[in-house]
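Numbering (this note's numbering), first residue to last: 29 to 148.
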């Protein structure tokens, strides 16, 4: 077996630091945080509302809407719906705002490290 893999450039650590300090990388982090933090807060508040209402507004949560379906069951099922909705929204956000910038940064670093792809 041959180990003819080219060694990374001597300045690779410096290059990673330069990329980390770049405006493009800062924009990437801003785009990620701009979605993740507000969505996390919104979901936490939505979940906390469900828990608080379940604990302190039992009459309201026990209100039958139709058949044996009550408000609490609907709220519980909506937790799953909101989870999938957030995942779908994040996927769209990442496809449009995060992945293109991340790909450009990765390609730029890949050129410096002689084309080695850290993802395999």
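Ideal placement from N, C-alpha and C gives every residue a C-beta, glycine not left out. On a predicted model such as this, the values are computed, not experimentally measured, just so you know.
Problem set entry | Rounded separation between residue 93 and residue 112 - CA only | For this step, residue 93 is matched to residue 65 along the chain shown. For this step, residue 112 is matched to residue 84 along the chain shown. Cα-Cα distance, rounded: 24 Å.
For this session: Would you kindly work out how many angstroms separate the C-alpha atoms of residue 116 and residue 61, rounded to a whole number?
Result: Residue numbering aside, residue 116 sits at position 88 when the chain shown is read from its first letter. Residue numbering aside, residue 61 sits at position 33 when the chain shown is read from its first letter. Spanning the two alpha carbons is a distance of roughly 17 Å.
Exercise. Going by DSSP, what residues sit across from residue 97 in a beta bridge?
Worked result: Translated into the one-based positions of the chain shown, residue 97 becomes position 69. For residue 97, which the question treats as bridged, DSSP gives the partners 94.
Exercise. Using CA coordinates, which residue listed in 64, 90, 51 and 49 is at the minimum distance from residue 119?
Worked result: Counted from its first residue, the chain shown places residue 119 at position 91. Checking every option, the nearest Cα to that of residue 119 belongs to 64.
Exercise. So, is residue 56 buried or exposed, given that buried needs 16 or more other C-beta atoms within 10 angstroms?
Worked result: Position 28 of the chain shown, counted from the first residue, corresponds to residue 56. Residue 56 comes out buried.
Exercise. Any chance the stretch 72–88 sits against the stretch 98–108, with 3 or more Cβ pairs inside 8 Å?
Worked result: yes
For this session: Could you check which residue in 127, 137 and 110 has the C-alpha nearest to that of residue 70?
Result: To locate residue 70, count along the chain shown from 1; it is residue 42. Minimum Cα-Cα distance from residue 70 among the listed residues 127, 137 and 110 corresponds to 110.
Exercise. Can you find a heavy atom of the ligand ADP that lies under 7 Å from the Cβ of residue 101?
Worked result: The ligand ADP is not among the ligands present in this structure, which contains no ligands whatsoever.
Exercise. So, residue 126 versus residue 59, is the Cβ gap smaller than 8 Å?
Worked result: Your numbering for residue 126 matches position 98 in the chain shown. Your numbering for residue 59 matches position 31 in the chain shown. In contact: residue 126 and residue 59 (Cβ atoms closer than 8 Å).
Exercise. Going by the CB atoms, is the gap between residue 47 and residue 114 shorter than 8 Å?
Worked result: Within the chain shown, the letter at position 86 stands for residue 114. Within the chain shown, the letter at position 19 stands for residue 47. No, the pair does not count as a contact, with Cβ atoms beyond the cut-off.
Exercise. From 104, 42, 124 and 135, pick the residue whose C-alpha is nearest to that of residue 77; which is it?
Worked result: Position 49 of the chain shown, counted from the start, is the residue given in the question as residue 77. The alpha carbon of residue 77 has as its nearest neighbour, out of 104, 42, 124 and 135, the alpha carbon of 104.
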